[in-house]
Amino acid sequence: MFFSDQFITILILSTLITGFLINSLADFLNLGHLNPQLPHEFLDVYDRAKYTRSQHYLRVNTRFGFITASFDLALLLAFWFGGGFGLLDTYVRDLGQNPIISGLLFTGILLFSKLLISLPFKLYATFVIEEKFGFNQTSPGLFFTDLIKSIVLSTLLGGLFLSLILWFFESLGPLAWFFCWMAGISFIMAIQYIVPTWIMPLFNRFTPLEPGPLKEAILGYAESIDFPLSQIFVMDGSKRSGKSNAFFTGFGKNKRIVLFDTLIEQQTTEELVSIIAHEMGHFKKKHILKRLLVSILQMGVIFFLISLFISHQGLFHAFFVDTVSVYAGLIFFGLLFSPIDLFLSLIMQASSRKDEYQADKFAALTTKDPHSLVTALKKLSVHNLSNLTPHPFYVFLNYSHPPVLERIYALKNIGTPGKGTLEKGPHEKGLTP
Ligand SMILES: [Zn+2]
Numbered sequence: 013m014f015f016s017d018q019f020i021t022i023l024i025l026s027t028l029i030t031g032f033l034i035n036s037l038a039d040f041l042n043l044g045h046l047n048p049q050l051p052h053e054f055l056d057v058y059d060r061a062k063y064t065r066s067q068h069y070l071r072v073n074t075r076f077g078f079i080t081a082s083f084d085l086a087l088l089l090a091f092w093f094g095g096g097f098g099l100l101d102t103y104v105r106d107l108g109q110n111p112i113i114s115g116l117l118f119t120g121i122l123l124f125s126k127l128l129i130s131l132p133f134k135l136y137a138t139f140v141i142e143e144k145f146g147f148n149q150t151s152p153g154l155f156f157t158d159l160i161k162s163i164v165l166s167t168l169l170g171g172l173f174l175s176l177i178l179w180f181f182e183s184l185g186p187l188a189w190f191f192c193w194m195a196g197i198s199f200i201m202a203i204q205y206i207v208p209t210w211i212m213p214l215f216n217r218f219t220p221l222e223p224g225p226l227k228e229a230i231l232g233y234a235e236s237i238d239f240p241l242s243q244i245f246v247m248d249g250s251k252r253s254g255k256s257n258a259f260f261t262g263f264g265k266n267k268r269i270v271l272f273d274t275l276i277e278q279q280t281t282e283e284l285v286s287i288i289a290h291e292m293g294h295f296k297k298k299h300i301l302k303r304l305l306v307s308i309l310q311m312g313v314i315f316f317l318i319s320l321f322i323s324h325q326g327l328f329h330a331f332f333v334d335t336v337s338v339y340a341g342l343i344f345f346g347l348l349f350s351p352i353d354l355f356l357s358l359i360m361q362a363s364s365r366k367d368e369y370q371a372d373k374f375a376a377l378t379t380k381d382p383h384s385l386v387t388a389l390k391k392l393s394v395h396n397l398s399n400l401t402p403h404p405f406y407v408f409l410n411y412s413h414p415p416v417l418e419r420i421y422a423l424k425n426i427g428t429p430g431k432g433t434l435e436k437g438p439h440e441k442g443l444t445p
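Quick note on the numbering used here: the sequence shown kicks off at 13 and runs consecutively.
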C-alpha cells in the first residue's frame, strides 16, 4: 500500500490527460475528414454555399470545443494541485455544521463556481456562434431567466437527492449502497413523471396540435400500429433556437408526443409521420425500456463501487485532503470513475446506433414509405447544418446516432433482397460522389 497515494494520483491524472488527448485526436481527424465535395445524395437539398457553411459551422464549433476542454482541464488541474479541495474542505468543516450540511455546501460551492466560470463560454456559444449561423433566437433576458430557473431546480432536486445519499452513507453502514440504489431508482421514476408535467412547462409552452390533416395522419398511423397515443403537443422551440426536434413523454397508456414548431414548419405531413414512426419504433422495439433498465443496473454497480472506495485514505491523499468524508469521497470517486464511465458510454452509444437503424427500419416498414423518412432526415441535416461526413473514429467516440448518409443507405437497402444487412452502413461509399 506504500505507493497507493501516488498510484491513485498518477492513475487519475493520466486518464484525464489521455481522455483529453483522445478527444482532441478525434476532433482533428474529424476536421480532416471534411469533404469539400457535396455527397451525391444531398445534391437536391443542399446548395454549395450552404454546404460550405455547414463545414464552417463544424470548424468553428470544434475549435471552440477544444478551447473549452483545454480550459476545463487546466482549471481542474490547477485547483487540484493548488490544494483547492483541501482548502474548501477545511472551510466547510470550520463552519461546524453536521456532515450533510457540510456535504451540500462542499458540492454546492464546487458546482456553482464551475457554473459561474463556464458562463462566459456559454454566452459566447449562444450569442456569438449560434447567432452567427442563424440559429439563436434567445434574448439575453430569456437566457438569464432560464439560467436562474435551472439553478433553482437543480438546487432543490439535486440537493434533496444528495442529502439522501449522504445520509444513507453516513448512517446505514455496509448496506448503504443498496438503499442509495433504491433511492436512485425512485428518483429516476419520479423524474420521468415530474419533468414533462412540472418542469418542461416552466421553460416552454405546450399547445395541443390543432385538428387537421396532420393530426389525423399521426393518429391514423398510431392506430395502425396499435400505439397508445393520448395527446400530441406542439412546443415553441423557436423561442430559443432554429434547430428542430421531436420527442415522447409519459409512459404506459398515457404517452404524448411533442413536436417542435420549427419541425412542423419544415417537414411535410408524410415526413412528420415518418419521424414519429421512428420514435414509436423505439418504444415498440423496447429500446426505451432497455435503456432504462441498463441505466438502473449501472447505477447499482456505481453505488456499490462508491461504497468500496468512499473511505479509502489513498483517494483523499491523492487530492490533498486530510480528513475522510462521504461528500468529498463522492466527488473524488467521480474523477476516479471517469475512464470506466467513458468506456461504458462507448458501449451504450454503439448499442444506441444499432437501435437507430432498427427504429428507421420499423418506420420504413410500417409506414410503407421509406422515401419520406429519407427526405425528412435530409431536411433535418441540412436545417441543423449537421456534418455529413464525420470521421469513423469520431463517430465511435461521440455519436449516439449513425451518420445520416449511413442511415439513408440502410433505408434504401430495405426491401432490396440480398443487399446486405441494415447494420452495414457503407460509410466510405457515401463520400465518393
Ligand atoms: Zn431514434
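Yeah, the Cβ is synthetic: ideal placement off N, Cα and C, and Gly gets one too.
These numbers come from a predicted model, not from an experiment.
Query                                                                                                                                                                       : Result
Go ahead and label G44 buried or exposed: buried means 16 or more other beta carbons lie within 10 angstroms of its beta carbon, across all protein chains shown.           : exposed
With which residues is I244 paired in a DSSP beta bridge?                                                                                                                   : I269
Taking the alpha-carbon of S384 as reference, which of A289, R75 and L46 has the nearest alpha-carbon?                                                                      : A289
Of all the alpha helix (DSSP H) runs that stay within the bounds of the region 64-132, which reach a length of 4 or more residues?                                          : 96-106
How about E235 and D381: are their beta carbons less than 8 Å apart?                                                                                                        : no
Do you know offhand how far E222's Cα is from V246's?                                                                                                                       : 9 Å
Could you give the residue range of the alpha helix (DSSP H) that holds F295?                                                                                               : T281 to K296
Within 8 Å, do at least three Cβ pairs link the region 105-114 to the region 68-78?                                                                                         : no
Going by other Cβ atoms of all chains shown within 10 Å of its Cβ, with 16 needed for buried, is Y58 buried or exposed?                                                     : buried
Just list the residues that DSSP pairs P220 with in beta bridges.                                                                                                           : F245
Should E368 be counted as a contact of ligand 1 given a C-beta to heavy atom distance under 7 Å?                                                                            : yes
In the DSSP assignment, find the unbroken alpha helix (DSSP H) run with A195 in it and report its ends.                                                                     : A188 to I206
Is there at least one non-hydrogen atom of ligand 1 closer than 7 Å to the beta-carbon of H383?                                                                             : no
How about H294 and I300: do their beta carbons lie closer than 8 Å?                                                                                                         : yes
Provide the residue(s) that pair with A258 in DSSP beta bridges, ordered along the chain.                                                                                   : L271
Which residue from S36, N42, I237 and I113 puts its Cα closest to that of V378?                                                                                             : Looking at the sequence itself, residue 378 is Thr, so the reference to Val does not match. When each option's Cα is compared against that of T378, the closest is I237.
Would you mind reading off the limits of the alpha helix (DSSP H) that contains N399?                                                                                       : Note, N399: premise wrong, no alpha helix (DSSP H); not H, not E.
Could you check what DSSP says for T425 in three-state terms: helix, strand or coil?                                                                                        : Note that residue 425 is Asn in the sequence shown, not Thr. Three-state result, N425: helix.
What is the residue span of the alpha helix (DSSP H) that R325 lies within?                                                                                                 : Residue 325 is actually Gln in this sequence, not Arg. Q325 to A330 is the extent of the alpha helix (DSSP H) around Q325.
Using 7 Å as the cut-off, classify the Cβ of A289 as near or not near the heavy atoms of ligand 1, replying yes or no.                                                      : no
Determine whether the beta carbon atoms of L176 and A195 lie at a separation below 8 Å.                                                                                     : yes
Using the C-alpha atoms, what's the distance from F349 back to S337?                                                                                                        : 18 Å
Expressed to the nearest angstrom, what Euclidean distance is found between the alpha-carbon atoms of P351 and Y339?                                                        : 21 Å
Kindly confirm or deny that the region 315-323 and the region 410-428 touch, where touching means at least three C-beta pairs closer than 8 Å.                              : no
Between the beta-carbon of R365 and the beta-carbon of S412, is there less than 8 Å?                                                                                        : yes
What are the uninterrupted segments assigned as alpha helix (DSSP H) that are 4 or more residues long and contained completely in the region 344-420, given in chain order? : 382-395 and 404-410
Could you give the first and the last residue of the continuous alpha helix (DSSP H) run that contains Y233?                                                                : P225 to S236
N148 by DSSP, collapsed to three states: which one?                                                                                                                         : strand
Quick one: is V164 buried, meaning 16 or more other Cβ sit within 10 Å of its Cβ, or exposed?                                                                               : exposed
In the DSSP assignment, find the unbroken alpha helix (DSSP H) run with S307 in it and report its ends.                                                                     : H299 to F321
Do Y406 and A38 count as a contact pair if the criterion is CB distance below 8 Å?                                                                                          : yes
Beta-carbon within less than 7 Å of G171's beta-carbon, same chain only, minus the 5 sequence neighbours each way: which residues are those?                                : L116
With a threshold of 7 Å (Cβ to nearest heavy atom), would A376 be considered close to ligand 1?                                                                             : no
Answer with buried or exposed for Q49, where buried requires no fewer than 16 other C-beta atoms within 10 angstroms of its C-beta.                                         : exposed
Between the C-alpha atoms of F321 and K251, what's the straight-line distance to the nearest angstrom?                                                                      : 45 Å
What's the call for Y103, buried or exposed, on a 16-neighbour Cβ count within 10 Å?                                                                                        : exposed
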